[in-house]
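Contents: one structure, followed by commentary.
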Amino acid sequence: MQSDSTVAFLIICSAMVLFMTPGLAFFYGGLVRASSVVSMMMMSFGSVGLVGTLWVFYGYAMSFASATNSGFIGLDGFFGLDPAKLLLASSYQAASDGNGFDLVFAGFQGTFAIITVALISGAIADRARFGGWMIFAALWATFAYFPIAGWVFNFSVENGAVVDGGFLVFNLGLMDFAGGTVVEVASGAAALAVALVVGRRFGFAKGMHAPHNVPLTLIGAAILWFGWFGFNAGSQLAADGTAALAFVNTLVAPVGALISWSLYERLALGKPTAVGAASGAVSGLVAITPSCAYLHPVWALVLGLVVGVVCALAVELKWKLGFDDSLDVVGIHLVGGIVGTLFIGLAGEKVGLFFTGDPTQLGRQAAGVAIVGIWSFSVAWLSAMLVQKTFGFRVKSTDEIAGVDRVIHGETAYSETDPRWTWRG
Amino acid sequence: MESVLDQGNTTFLLISAAFVLLMTPGLAFFYGGMVKAKSVVSMMMLSFGSLGLVGVLWVLYGYAIAFADGPSKVNSGESFIGIDGWFGIDLAKIGLGSPFADATNGAAAFPELGFVAFQATFAIITVALISGAIADRAKFGAWMVFAGLWATFVYFPVANWVFNFDLGEGGVVDGGWIAYDLGAIDFAGGTAVHINAGAAGLALAIVLGKRFGFSKGITQPHNVPLTLLGVSLLWFGWFGFNAGSELAADGIAAIAFINTLAAPAAAMLGWIIVEYFKHGKATSIGAGSGAVAGLVAITPACASVSPMYAMLLGVIAGVLCALAVDLKFSFGFDDSLDVVGIHLVGGIVGTLFIGFFGEGVGAAFGFGWDQLLAQAIGAGAVLVYSFVLALLIGFAIDKSIGFRVKAEDEIAGIDTVVHGEEAYAFGADRG
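If you read the sequences in order, they're chains A and B. Numbers given in the working numbering equal positions in the first sequence, counted from 1, plus 185. Numbers given in the working numbering equal positions in the second sequence, counted from 1, plus 666.
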């Protein structure tokens, strides 16, 4: 049985991770127009409500289905449901009997499901219907996130070796400490699919869309970073040396990426921007997520420096390829997640190609990325098409141009009589 | 070897480190709300830039300097270069080598890497604090060069003087000269953080000179809620800063925690009472600044005074800082966002207060004046060292690459010039 200290650690970490989703809402909210910030934030807050509910009902029972339980339905390690865990029944029972760890773990993992879904919304800023988004969120969570979380996060360890669990972690041997594949690659691939289905905004061209509130975006980035310590260190499920390593790397990689993204902007584009610094930090956080417990801090710094530049280049792809991934979910989360996951195969302690000369782990990492990416993209594309063909995913063009907040939510973020409308310094 | 890892203390240390990291963005918002709408991006980037740069330096060599253990330490005696307790580097700690190697051996109550992260956040915010003195007019690149040099030659060694020590029978048995040889008490960084940053802020304000339109009442905060949001994040994080400095969730941490509530609360009242008597109105910026002044003053003293004396300290700091922020107008140095008036003055008040009212050491309780003298020497040494080096580094930068933007850029607002972006796009909706 886990000690009170372990449970305390996990409770605090869960609260920190839950805080990340509002943080994401502010990060995204500041980047859009003043007339669609309410819509942008509501897609994240909507995920909190919806995915939180589904998680309690059946999400946890799918993600952490244990085939050894007699009632298990489905394919072991791939897609299934453990009826004993519906409505968190078995975890609640254990907590009532004095061991709260399972129930806190369910809460901790619930916050992961919530933010992963919310991340996708950055791809469809300024133009998505709220109802369409909510249906999409439920479909994608059920058929993509819940099973994929089982593939990677659901395993049992004995004497330091994985002895049972989801097929990616157990059969394939993928190393993904806190969710580079499950969270980052999955949300990034889904975002690409949704951006393709929903289509480009009016006035999609470089420089047309200036962030309406840079301080709000930085508030969001700060909250994300704060919460990410709980996300990564908490994934050790105990406050020990490995958690401390994950923690340090969650500081080191983003500072490296913040610096390298800003330097890239300075050298290639002339001026380092605040939005660039924040995006750099987030890209470093994304890349260190799978690898935070497997890297020496100096390698984490290298990963950060690399990913800051790679993602700064990757966010330009949408202009070249013509998909409107409005707030760079693909450029930061998909690309950053891939870089961080593959980096374990290169520089991971004891397994990386640099130390062993053996590319086996790198191959496993690549296979894991590909499987999660393809599955998530497919589910997202089908779900989004279904929503698009039935209810409609996108607002009317006239509403989009006028600004979606008043049309969809009946409110405006800032009153026109507010003196800020005339801020001129 | 038997593991002595304590998950309770490790939890406490890691969570405290996350709290303190959040303070630097909090500071960015506190400062950002107080400047013009056309320089808020620049203001926030001075903090975020420190976060990136000092974080990198800390991993590479900052920790190895700040926590260099001298030859008296068995482990690092051979890898130490420098003068023990003054200025040196522990080669084994470069790139966090030895803390990483020891991460999972369970040989201590908490992993050293947790302490590395906790102290990193202190280095980051100390550098960021200085930036308040140069609002509206500093070049970003020049600031980054300054931040790197000042961190290396001032913060890292001064942190060693104050924070690097060993406790044994009868108190401090080894460590940096302020903590060990001098015996000054500075629990969480009144000298190493606040006096250090405040003195450097004064130096930079002198180097850069006054803004255009520097005179009382001309510059108004552009976004008061942003400033109050920043104050809230600072106060929230400060609980990790002060209580976390005990490195264990015990009774001392609880004293530090309650004093981190009591002193700023009293200081907030002290500040707005001064405002009320001087101007007839209590402002929210004043309430926020008062809370910060109380937090600064209690930082060194949080484990050394009872809650009643913490409140006394808070009131004194709130009143003195409210008066001190007007000094810049009398003396004509443009410490734009009152780094000197709040952090230098508040840090000195809090550090000296221990000499009067510290439990078991204070002159008021009949323990003589020795502690007050030690406190004064520690505060004075850090003040002079930081001020002189910041002045030298600042002048060197100003004479070489230039520290200040061009006059016309400053008047136009520096965000678009330096960072190529505007903070707000409200009226003209370009989407």
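Positions of the beta carbon are idealized from the N, C-alpha and C atoms, including for glycine.
Given that residue i touches chain A, what residues does it touch there, using C-beta distances under 8 Å?
i             : result
residue 887/B : Those within 8 Å of residue 887/B in chain A number zero; the least Cβ separation is about 12 Å.
residue 893/B : Going along chain A, no residue has its Cβ under 8 Å from residue 893/B, so there is no contact; the nearest lies around 11 Å.
residue 766/B : 430, 481, 482
residue 823/B : The contacting residues do not exist; residue 823/B stays about 21 Å from chain A at best.
Compute the Euclidean distance between the alpha carbons of residue i and residue j, then round it to the nearest angstrom.
i              : j              : result
residue 689/B  : residue 806/B  : 21 Å
residue 461/A  : residue 269/A  : 47 Å
residue 766/B  : residue 779/B  : 7 Å
residue 675/B  : residue 947/B  : 45 Å
residue 776/B  : residue 368/A  : 29 Å
residue 480/A  : residue 755/B  : 24 Å
residue 927/B  : residue 366/A  : 42 Å
residue 254/A  : residue 261/A  : 11 Å
residue 920/B  : residue 322/A  : 44 Å
residue 188/A  : residue 425/A  : 13 Å
residue 434/A  : residue 445/A  : 16 Å
residue 815/B  : residue 305/A  : 41 Å
residue 609/A  : residue 568/A  : Confidence is the limiting factor: at residue 609/A the pLDDT is only 42, short of 50, which leaves the residue's position unreliable, though a coordinate-based value still follows. Computed Cα separation, rounded: 45 Å.
residue 432/A  : residue 682/B  : 12 Å
residue 344/A  : residue 768/B  : 20 Å
residue 803/B  : residue 1071/B : 6 Å
residue 1045/B : residue 784/B  : 23 Å
residue 439/A  : residue 232/A  : 26 Å
residue 1095/B : residue 390/A  : For residue 1095/B, the pLDDT reaches just 47, beneath the cut-off of 50, and the residue's location in the model is therefore unreliable, although a value from the coordinates is still provided. When rounded, the distance between both Cα atoms is 15 Å.
residue 1038/B : residue 1024/B : 10 Å
residue 935/B  : residue 976/B  : 14 Å
residue 738/B  : residue 966/B  : 27 Å
residue 704/B  : residue 382/A  : 38 Å
residue 789/B  : residue 281/A  : 44 Å
residue 745/B  : residue 224/A  : 58 Å
Return yes when the Cβ of residue j is within less than 8 Å of the Cβ of residue i, no when it is not.
i              : j              : result
residue 842/B  : residue 853/B  : no
residue 409/A  : residue 303/A  : no
residue 725/B  : residue 486/A  : yes
residue 293/A  : residue 192/A  : no
residue 700/B  : residue 893/B  : yes
residue 800/B  : residue 870/B  : yes
residue 377/A  : residue 519/A  : yes
residue 589/A  : residue 521/A  : no
residue 824/B  : residue 1052/B : yes
residue 760/B  : residue 727/B  : yes
residue 597/A  : residue 591/A  : yes
residue 1011/B : residue 987/B  : yes
residue 443/A  : residue 469/A  : yes
residue 1041/B : residue 850/B  : yes
In the DSSP assignment, what residue or residues form a beta bridge with residue i?
i             : result
residue 669/B : For residue 669/B, which the question treats as bridged, DSSP gives no partner whatsoever.
residue 755/B : 747/B
residue 398/A : 1090/B
residue 698/B : DSSP, once it has assigned bridges, lists no residue as partnering residue 698/B.
residue 346/A : 343/A
residue 264/A : 260/A
residue 314/A : DSSP output for residue 314/A lists no bridge partner at all.
residue 804/B : 1070/B
residue 218/A : For residue 218/A, which the question treats as bridged, DSSP gives no partner whatsoever.
residue 579/A : 313/A
Interface residues of chain A around residue i at Cβ under 9 Å?
i              : result
residue 1084/B : 456, 457
residue 934/B  : Result: empty, since nearest Cβ-Cβ is about 23 Å, beyond 9 Å.
Identify the contact partners of residue i in chain B, using a Cβ-Cβ distance below 9 Å as the criterion.
i             : result
residue 201/A : 681, 684
residue 599/A : 1092
residue 647/A : There is simply no residue 647/A to check, as chain A begins at 186 and stops at 610 in what is shown.
residue 309/A : Those do not exist, as residue 309/A stays about 14 Å from chain B at its closest Cβ, beyond 9 Å.
Strictly below 7 Å CB to CB, what residues from chain B border residue i?
i             : result
residue 486/A : 722, 725
residue 423/A : 673
residue 565/A : Under the 7 Å cutoff, chain B gives no residues; its nearest Cβ is about 25 Å from residue 565/A.
Chain A partners of residue i, CB-CB under 7 Å?
i              : result
residue 1087/B : 399, 458, 459, 460
At a CB-CB cut-off below 8 Å, which residues of chain B make contact with residue i?
i             : result
residue 396/A : 1087, 1091
residue 444/A : 718, 719, 722
| said: My parser needs the alpha helix (DSSP H) runs of 4 or more residues fully inside the region 823 to 888 of chain B; what are they? | reply: Fully contained in the region 823 to 888 of chain B are the following alpha helix (DSSP H) runs of length 4 or more, in chain order: 862 to 874.
| said: As an exercise, report each continuous beta strand (DSSP E) stretch of at least 3 residues that is fully enclosed by the region 682 to 728 of chain B, in chain order. | reply: The qualifying runs do not exist here; there are none.
| task | Entirely within the region 924 to 970 of chain B and at least 4 residues each: give me those alpha helix (DSSP H) ranges in chain order. | result | 950 to 967
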